[in-house]
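In this note's numbering, the protein residues as written are 4 to 123.
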């Protein structure tokens, strides 16, 4: 007879192993190596840099800088976080990658909605 394993934060499916589920339950995060292609990561990084340097304007996105060096040149090294990156079509593409959605559904189920997004 199979034992039913109840977890608080993860759903029972064939994506996560019991070890992965337990790790998430204990630590609140899960690392899946090589999930996103290097080419995609590079595109996201390039868009991040363009936003930080203000080469690309994304209305209503919040760029938060390190206040100790805020008056220095605007680049990715002075930015602590981007809030509401869902407003950037290119950055939000990360959230819609099928391999990302597959894992997000392990925690939320199939009804997924972005209310707030942040890169830190």
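All C-beta atoms, glycine included, are put in the ideal place defined by N, C-alpha and C.
In this text, all values refer to a predicted model and were calculated from it rather than measured experimentally.
What residue range is occupied by the uninterrupted alpha helix (DSSP H) comprising residue 105?
Position 102 of the chain shown, counting from 1, holds the residue named residue 105. Residue 105 -> alpha helix (DSSP H) spans 101-111.
Can you find the residues in the same chain that come closer than 6 angstroms, C-beta to C-beta, to residue 93, ignoring five residues on each side of it along the sequence?
Within the chain shown, numbered from 1, the residue matching residue 93 stands at position 90. Correct list, in chain order: 50.
Measure how close the beta-carbons of residue 27 and residue 13 come, nearest whole angstrom, since I'm counting them as under 8 angstroms.
Here residue 27 refers to the residue found at position 24 of the chain shown. Here residue 13 refers to the residue found at position 10 of the chain shown. Rounded, the Cβ-Cβ distance is 6 angstroms, consistent with contact.
Give the secondary structure of residue 66 by DSSP, where H, G and I count as helix, E and B as strand, and everything else as coil.
On the chain shown, residue 66 is found 63 positions in, with the first residue counted as 1. Strand, per DSSP.
So, is residue 56 buried or exposed, given that buried needs 16 or more other C-beta atoms within 10 angstroms?
Taking the chain shown and counting its residues from 1, the one referred to as residue 56 is at position 53. Per the 10 Å Cβ criterion, exposed.
To which residues of the same chain is residue 72 closer than 7 angstroms at the C-beta, ignoring the five residues directly before and after it?
What you label residue 72 is simply residue 69 of the chain shown in a count that begins at 1. Cβ within range, chain order: 81.
Take the Cβ of residue 193 as the centre, count every other Cβ of all protein chains shown within 10 Å, and call the residue buried at 16 or more, exposed below.
In the structure as shown, the chain starts at 4 and stops at 123, and residue 193 therefore has no counterpart that could be examined.
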